[in-house]
Structures are given as C-alpha cells and as structure tokens.
Amino acid sequence: MMQHRPQTTVVLAMSADGKIADVRRGPARFGSKADKAHLETQIAASDAVLFGAGTLRAYGTTLTVSHPQLVQQRIQEGKPAQPVHIVITHSALFAPEVRFFQQPVERWLLTTTKGKLVATAGFDQIMVWETPTGEVDISAALQHLLTLGITRLTVLGGGELVAAMLELDLIDELWLTVCPLILGGASAPTPVGGQGFSPEIAPQLQLLEVQTVDQEVFLRYRLQRPID
Numbered sequence: 066m067m068q069h070r071p072q073t074t075v076v077l078a079m080s081a082d083g084k085i086a087d088v089r090r091g092p093a094r095f096g097s098k099a100d101k102a103h104l105e106t107q108i109a110a111s112d113a114v115l116f117g118a119g120t121l122r123a124y125g126t127t128l129t130v131s132h133p134q135l136v137q138q139r140i141q142e143g144k145p146a147q148p149v150h151i152v153i154t155h156s157a158l159f160a161p162e163v164r165f166f167q168q169p170v171e172r173w174l175l176t177t178t179k180g181k182l183v184a185t186a187g188f189d190q191i192m193v194w195e196t197p198t199g200e201v202d203i204s205a206a207l208q209h210l211l212t213l214g215i216t217r218l219t220v221l222g223g224g225e226l227v228a229a230m231l232e233l234d235l236i237d238e239l240w241l242t243v244c245p246l247i248l249g250g251a252s253a254p255t256p257v258g259g260q261g262f263s264p265e266i267a268p269q270l271q272l273l274e275v276q277t278v279d280q281e282v283f284l285r286y287r288l289q290r291p292i293d
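Below is the structure:
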C-alpha cells in the first residue's frame, strides 16, 4: 500500500502489567541500560522523533543519539548527527527553562493556531496543522513531514498520542519493551490511552520479532492492514 506519510514506529517501555508510568505520571526510568540502548538505536535510525507535551513535561528532556558509532553512521549516511525532535500539542504551554531547550537538537513544534500564539521561542520551526474542531491535524501534518524529507518517524509517547494515531491508522510498527516490575494503579497510563477500541474494530497486530535480554522482553509488532 502506497504511504503518503513517513514510516512510523512507536517505541515504548512498559511494566509487566502494561503501564508506561506510575499513577503520578512521572518520568518512567525503570528500563534497563539495554532498553535505553535499544531506544537510542531506534532514534538513530529515524529522521525525526515525535512526542506529546505530557511526555516533555514529565522528562524535561529528550533522548539524544550519544553512542559514537550511531552518530558516525548517521553522518556517513549524509544525515545530521541528531534527528529532528518534534513536540505535538494543541496548547504549547511549556516552561522555557526545561533542559530540552538547551539540548543539541533541532526542535520543531506541531501545534494549532492557539498554540502558536503562546509558543516559546525555543523552537526552530513551528508548524500549524489544525482540524475544524481546533485539534492538531496529525494526518495532514505527517503528509507535510514527508515533503520535508522525514521518511522514518519514531513516536515516543504518550499513550494519548499513540491512541490518536492508531485511530487514524498512522502507525506501522510498535516496539514494546516489557520490564520486570508491577506498577499497578487504575489511573496509571498505558501505551494506548484514549477511549479504547471495541473488539470488532481493534487494531490487529502481527508479531515480527521477540528478543530477551536479561529480564526484559522486546516485542516488535506490525499493524495488520487489509490487502488491496
């Protein structure tokens, strides 16, 4: 099927009970060094990474490509040392002192007309793609990213963004790291938030790969789509 948007992969770590953070929704730092290396590899293979405002507020930073071999590989491929880091939000309310705005990456903002009015000056590019209801038009935005040379996009969360993109059929693959702990909590976020899907319309997955490193399991899935 011809794609008129970037190849899009979600990469998330979760607890054994399927939580990507605890009930306080703080930064999830329970993944191992192997999980961090896996995430960095996925980021290094991308032209851009996309994450929601809640993820930025929780961490205050983004993960950069730091391994010399990965940086060198990008440069040899004619790419900048770091992919573009794109924050998606309809409100664009951020504290300008967060460390993200001092990190050595190119920062883009994907927002609405309202968000652009209050956006901090720390972004290199501000893109407005808006639906008639005032939300970010993710489908149109991804089509635009493709025209800017973004052919591989990695989504780093959170669950509400992943849910919205699944509803719009904008995700191709998921990498889920299952970490050996139980977080619990009815209000703790999961990889997919939103309103949920009934079994009749739930996105179906094909398991492509399973890796086990120490106590963690790395699962790679592909979204199944009808063959035209």
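Heads up: the sequence shown begins at 66 in the working numbering, then just goes up one per residue. From the three backbone atoms N, C-alpha and C, an ideal C-beta is built for every residue, glycine too.
Span of the alpha helix (DSSP H) around residue i
i: histidine 132; result: Where histidine 132 is concerned, there is no enclosing alpha helix (DSSP H), given that its DSSP letter is neither H nor E.
i: glycine 224; result: 224-232
i: glycine 143; result: That residue, glycine 143, is in no alpha helix (DSSP H); it is neither H nor E in DSSP.
i: valine 183; result: 178-183
Cβ-heavy atom distance, residue i to the ligand GTP, below 7 Å
i: valine 282; result: Within the structure as shown, the ligand GTP is missing, as the structure has no ligands at all.
Rounded C-alpha distance that separates residue i from residue j
i: valine 136; j: leucine 104; result: 14 Å
i: isoleucine 247; j: phenylalanine 95; result: 11 Å
i: phenylalanine 270; j: valine 76; result: Contrary to the premise, residue 270 reads as leucine rather than phenylalanine in this sequence. Each residue's Cα considered, the two are about 15 Å apart.
i: isoleucine 330; j: aspartate 234; result: Nothing can be reported for residue 330: it is not among the residues displayed for the chain, which extend from 66 to 293.
i: proline 291; j: lysine 98; result: 37 Å
i: histidine 69; j: alanine 206; result: 11 Å
i: glutamine 190; j: tryptophan 173; result: 5 Å
i: isoleucine 151; j: aspartate 202; result: 14 Å
i: glutamine 72; j: valine 227; result: 15 Å
i: glycine 258; j: proline 145; result: 33 Å
i: isoleucine 85; j: leucine 239; result: 14 Å
i: phenylalanine 159; j: threonine 185; result: 7 Å
For residue i, three-class secondary structure by DSSP
i: glutamine 314; result: This structure leaves residue 314 out entirely; the chain is present only between 66 and 293.
i: glycine 259; result: coil
i: threonine 212; result: helix
i: glutamate 105; result: helix
i: methionine 67; result: Residue placement at methionine 67 cannot be trusted, given a pLDDT of 47 that sits under 50; the coordinates are not used to answer.
i: isoleucine 191; result: strand
First through last residue of the beta strand (DSSP E) which encompasses residue i
i: leucine 288; result: 281-288
i: valine 149; result: 149-153
i: glutamate 171; result: Unbroken run through glutamate 171: none, as it is neither H nor E.
i: alanine 113; result: 113-117
i: glutamine 72; result: 72-80
i: glutamate 238; result: 238-244
i: valine 88; result: No beta strand (DSSP E) holds valine 88; DSSP gives it neither H nor E.
i: threonine 198; result: Careful: threonine 198 lies outside any beta strand (DSSP E) and carries neither H nor E.
i: threonine 217; result: A quick correction: the sequence has arginine, not threonine, at residue 217. It spans 217-220 - the beta strand (DSSP E) in which arginine 217 sits, taken as one unbroken run.
May I ask you to verify whether the region 215-232 touches the region 112-120, counting CB pairs closer than 8 Å and requiring at least 3?
-> Contact holds: three or more Cβ-Cβ distances are below 8 Å.
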